[in-house]
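Heads up: the structure comes next, in structure tokens.
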Amino acid sequence: MNIGDTAKLNTSPEDSPETILRLFVYGTLKRGYWNHQRFCAQARSIEPAVVWGRLYHLHAGFPALEVPEGLILARGSADPLADASRQQEIGTPRFGRPTGDWDLINGELVTFTDPQRDLPPIDRLEGFRPGGHSMYKRVMVAVLCGRTSIPAWIYWMPRVENGTRLDSGVWHRA
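Just so you know, we're using UniProt numbering here: the sequence shown kicks off at 1 and counts up by one.
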């Protein structure tokens, strides 16, 4: 795999571009955490990656991520295939440091090949309801994987309350 080739990153010949969906995870969906096996075991690949944001440990025992509004490339919908297609349309996004007090957040880039099967259960886990009240919003941002900037979906919380900021950029189970 050529890390500079975003069109082929995390894919195999039988995958069609419309069915590739990339998700950046930073908490309980990471390898070794309690939601990984149930929701990410069917992933095509999982690689270390980073995004810009502010990471918090919520008093409820799990993390939340805040991202700069200006870095949001798209907002998630109720249609997993449309969201996978939208991801392909973005191309290679710019991965520049945003203005303000933001950290590099460490996580994993998870590549799925069946968004209709894989995304709805994760949306439910994260409390994401397109067009309705949601605990987390699903948005697309630039993710740096190796030296390649890739558009990927993340779950973010626009206003974090009842949490402690983690300036390390890494969330660990408490």
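For every residue, glycine included, the Cβ atom is placed at its ideal position computed from N, Cα and C.
Exercise. Taking Cβ positions, are Val51 and Val110 nearer each other than 8 Å?
Worked result: Taking the sequence shown and counting its residues from 1, the one referred to as residue 51 is at position 51. Taking the sequence shown and counting its residues from 1, the one referred to as residue 110 is at position 110. In this structure, Val110 does not lie closer than 8 Å to Val51 by Cβ.
Exercise. How is the alpha helix (DSSP H) around Leu29 delimited, first residue to last?
Worked result: As a position in the sequence shown, residue 29 is number 29, starting the count at 1. It is not in any alpha helix (DSSP H) - Leu29 carries neither H nor E in the DSSP assignment.
Problem set entry | Cβ shell of Val160 (< 7 Å), same chain only, five flanking positions each side left out | One-based indexing of the sequence shown puts residue 160 at position 160. Answer for Val160: Tyr56, Ala64 and Glu66, listed in chain order.
For this session: Check the DSSP bridge columns for Met140 and list the partner residues they point to.
Result: Start at 1 with the first residue of the sequence shown, and residue 140 comes out as number 140. In DSSP, Met140 forms a bridge with Ala74 and Trp153.
Exercise. Quick one: is the Cβ of Lys137 within less than 7 Å of any heavy atom of the ligand SAH?
Worked result: Ligands are entirely absent from the displayed structure, and the ligand SAH is therefore not among its contents.
Exercise. Below 8 Å, can you find three or more Cβ-Cβ pairs linking the stretch 78 to 90 to the stretch 147 to 156?
Worked result: yes
Exercise. Among Gln88, His59, Phe95 and Thr99, which residue has its Cα nearest to the Cα of Leu21?
Worked result: Reading the sequence shown from its first residue, position 21 is the one you call residue 21. Out of Gln88, His59, Phe95 and Thr99, Gln88 has the C-alpha closest to the C-alpha of Leu21.
Problem set entry | alpha helix (DSSP H) segment containing Pro120, residue limits | Within the sequence shown, numbered from 1, the residue matching residue 120 stands at position 120. Pro115 to Leu125 is the extent of the alpha helix (DSSP H) around Pro120.
Exercise. Quick one: Cα of Gln116 to Cα of Asp79, how far?
Worked result: Translated into the one-based positions of the sequence shown, residue 116 becomes position 116. Translated into the one-based positions of the sequence shown, residue 79 becomes position 79. The alpha-carbon atoms of Gln116 and Asp79 are separated by roughly 8 Å.
Problem set entry | For Arg97 and Ala142, believed in contact at Cβ under 8 Å, the rounded distance | Stepping through the sequence shown from its first residue, residue 142 is reached at position 142. Stepping through the sequence shown from its first residue, residue 97 is reached at position 97. That pair is no contact at about 11 Å.
For this session: Note down the Cα distance separating Gly146 from Leu29, rounded to an integer number of angstroms.
Result: Along the sequence shown, read from residue 1 onward, the residue named residue 146 stands at position 146. Along the sequence shown, read from residue 1 onward, the residue named residue 29 stands at position 29. Spanning the two alpha carbons is a distance of roughly 20 Å.
Exercise. Which class does Leu81 belong to by DSSP, given the choice of helix, strand or coil?
Worked result: As a first step, residue 81 must be located in the sequence shown, where it is residue number 81. Reduced to three states, the DSSP call for Leu81 is helix.
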